[in-house]
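Report on the structure given below.
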Amino acid sequence: MTLFESCKNVQRDLKVLRPSRKERRKKGDGKKKTLVCVASKFYPDHVSVSWKKNNVDVTKGVATDAAALRNGTYYIITSRLNVSAEDWDNPDNTFTCTVSFFDGNTTIYTSDHIRGEKGMITQNAKLSYAVLIVKSCIYGAFVAFLVWKLQVGPTQNST
Numbered sequence: 001m002t003l004f005e006s007c008k009n010v011q012r013d014l015k016v017l018r019p020s021r022k023e024r025r026k027k028g029d030g031k032k033k034t035l036v037c038v039a040s041k042f043y044p045d046h047v048s049v050s051w052k053k054n055n056v057d058v059t060k061g062v063a064t065d066a067a068a069l070r071n072g073t074y075y076i077i078t079s080r081l082n083v084s085a086e087d088w089d090n091p092d093n094t095f096t097c098t099v100s101f102f103d104g105n106t107t108i109y110t111s112d113h114i115r116g117e118k119g120m121i122t123q124n125a126k127l128s129y130a131v132l133i134v135k136s137c138i139y140g141a142f143v144a145f146l147v148w149k150l151q152v153g154p155t156q157n158s159t
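Taking full-length UniProt numbering, I'd label the letters of the sequence shown as residues 1 to 159.
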């Protein structure tokens, strides 16, 4: 049995990570968000990484480690995709990382994906508008009550 044959049943891990919370909250920094693809627990180190946005190949904004790093008996590699805040804040966008592993005989393709998320700005704006509308309604009801009270005048007690 060769080394390649003994490693055929290796359980490979692949995960796409969303931008960090700090990065998602940043404003005015060029509005770029970074997605990270981590492929680990593979052997040998014959691997390549590619990205897609909505099933269309993406090469701009991609930075992949030059070589897989050895981590014990296995290897690990990371790839980063910079996307605009506008692309990330759209839940209709799907970002897919595909890793091809060569096990000595065949190439095995593994993919993971992540969807864009609604921006926190949008959620905060909705909350702010809702609070403003509720406060305006309460203020309007209070003013209407005062006008009605002034029109009716003071009530007189009959003796």
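The C-beta atom is built at its ideal place from N, Cα and C for all residues, glycine as well. Predicted model only: the values in this text are computed from it and were never measured.
>> For a test of the three-state rule: what should DSSP assign to SER20, helix, strand or coil?
In response: coil
> Under the three-state reduction of DSSP, which class applies to LEU127: helix, strand or coil?
Replying inline: helix
>> For the structure I just gave you, are there three or more beta carbon pairs, one from the stretch 55 to 74 and one from the stretch 19 to 27, closer than 8 Å?
In response: With a cut-off of 8 Å, the stretch 19 to 27 and the stretch 55 to 74 do not count as touching, because too few Cβ pairs lie within range.
> Applying the criterion that 16 or more other CB atoms from any shown protein chain within 10 Å of the CB defines a buried residue, is THR96 buried or exposed?
Replying inline: buried
>> Taking a contact to mean a Cβ-Cβ separation below 9 Å, would you say PHE102 touches TYR74 in this structure?
In response: Cβ atoms of PHE102 and TYR74: not closer than 9 Å.
>> Quick check on LYS135: does DSSP put it in helix, strand or coil?
In response: helix
>> Measuring alpha carbon to alpha carbon, tell me which residue in GLU86, LYS26, ALA85 and SER100 is nearest PRO44.
In response: SER100
> With respect to the alpha helix (DSSP H) encompassing ASP89, which residues constitute its N-terminal and C-terminal limits?
Replying inline: Here ASP89 belongs to no alpha helix (DSSP H), and DSSP marks it neither H nor E.
>> Rounded to the nearest angstrom, what separates PHE145 and GLN151 at their Cα positions?
In response: 10 Å
> Taking VAL49 as the reference, which of VAL83, ASP112 and TYR139 has the closest Cα?
Replying inline: ASP112
> Within this structure, are the beta carbons of CYS37 and THR94 separated by less than 9 Å?
Replying inline: no
>> Using a 10 Å radius around the Cβ and a threshold of 16 neighbouring Cβ atoms, would you call ASP87 buried or exposed?
In response: buried
>> I'd like to confirm the pairing. Which residues does DSSP put opposite ASN82 in its beta bridges?
In response: THR34
> Who does ASP57 pair with in a DSSP beta bridge?
Replying inline: Residue pairing by DSSP places ASP57 opposite LYS52 in a beta bridge.
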